[in-house]
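Take a look at the structure below.
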Amino acid sequence: MDAEKDARRGIQSIEVGGTLLQALVRAGAPMMLKDLARDAGMPPAKAHPYLVSFGKLGLVEQDTVTGQYRLGSFALQMGLTALHELDAVKIASDAATRLALDINQNVALAVWGNHGPTVVRIVECNRIVHINMRAGSVMSVLDSATGRVFAAWLPAELTRAVIESELAHKPSGQQPGLAATLAEVREHGMARAVGYPLPGINALSAPVFDSSGQLALAITTLGPAADFDPAWGGELARKLAACAAAISYSLGFNAAAGG
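502 is the number that this note's numbering gives to position 166 of the sequence shown; each next residue is one higher, with no gaps.
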C-alpha cells in the first residue's frame, strides 16, 4: 500500500502552477495577470512567481507592451510533439469499445480511403448482431449514414468524384434532395440511415475532428431496427455525439475556438 501511495504522490507546487497553464489553454487567447490568476483560482501575487518560472522554461511569454501572458514557444513544441504521436484510430477504438458496451450496439470506425468511406474497425457489443459489414468495407457516400458524414464535412473536391460515380449508377442519374440531406446532417451534427442501405438495420454516424478542425474519421453505431432508436434527440444519438466529441477533444479539437 505504501508503494502504491508513493507512486501516486505528486509535487503539489507543480500541480498548483499547472492550473495557470490550464487556464491559458482554456482561454485560447492572451490574458492579463489578474484575469489569469482569477481563472486559476489564486491571488495574482501567488500566480506571478509561477509565471516567471514558466517564462524561463519557455512555457509562457509576456507581451512587453500589453503585459498579457500567452503560451510560449516550448509549450507549442510540446503540443506539436503530442499531436504527432496521436493515433486517431487507436484513440477512437478505445472510446468505441466503451460506447458499444454502454449502448449494447455495434460500433464502427471509418476513414476516407481511395475509394471512399472505408471501415477500419468494428467493435461488437455483448449480443449477437448479424450485420453485413467488416473491416475494409467501403460505404456508400450518398446512402449510408457513415458516407453522409464524409459528404457533409469533407471538402467537396475530395468527395466529388466518388459522389459523381455513385450518381452515375443510380437509375435516375441524380440524387434528389442531396443538398437538403447534407444540410440536415450538419444541423443535427450527425447522419442517420433507417433500414437502408442495409435492410432492417438502422444507423447513426457522427464526425470526429482533429486539432486543425478537419474531419478525421466517422464513428457509427448500428443495429437491428427493432431495438435501435434513430431519433435525432434519442439516447443513442446523445451518447454517440458525446463519444465523438470526447474523441475530438482527445485529438486536440477545440470546438469553442473553431468547431
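In this text, a Cβ means the ideal position worked out from N, Cα and C, and glycines have one as well. None of the values given here were measured: they were computed from a predicted structure.
Sixteen is the threshold: when 16 or more other Cβ atoms of the shown chains lie within 10 Å of the Cβ of residue 453, as they do, the residue is buried. When the beta-carbon positions are compared, residue 474 and residue 451 come within less than 8 angstroms of each other.
A straight line joining the alpha-carbon of residue 365 with that of residue 404 spans about 9 angstroms.
Counted as a single uninterrupted DSSP element, the beta strand (DSSP E) harbouring residue 541 occupies residues 537–545. Between the region 382–393 and the region 352–363, the count of C-beta pairs closer than 8 angstroms reaches three or more; the two stretches touch. Each of 524, 548, 536 was checked against the Cα of residue 574, and the nearest Cα belongs to 524.
Boundaries of the beta strand (DSSP E) around residue 397: 396–398. Beyond the five residues adjoining it in sequence on each side, residue 367 comes within less than 8 angstroms, by CB distance, of 359, 360, 375, 404, 405, 406 in the same chain, given in chain order.
In the displayed model, residue 401 falls within coil according to three-state DSSP, outside both helix and strand. When DSSP states are grouped into helix, strand and coil, residue 406 belongs to the strand group. As a beta-bridge residue in DSSP terms, residue 367 pairs with 405. Only exposed fits residue 504, as fewer than 16 other CB atoms lie within 10 angstroms of its CB. Taking C-beta atoms under 8 angstroms as the contact rule, residue 534 and residue 557 fail to qualify, at a distance of about 13 angstroms.
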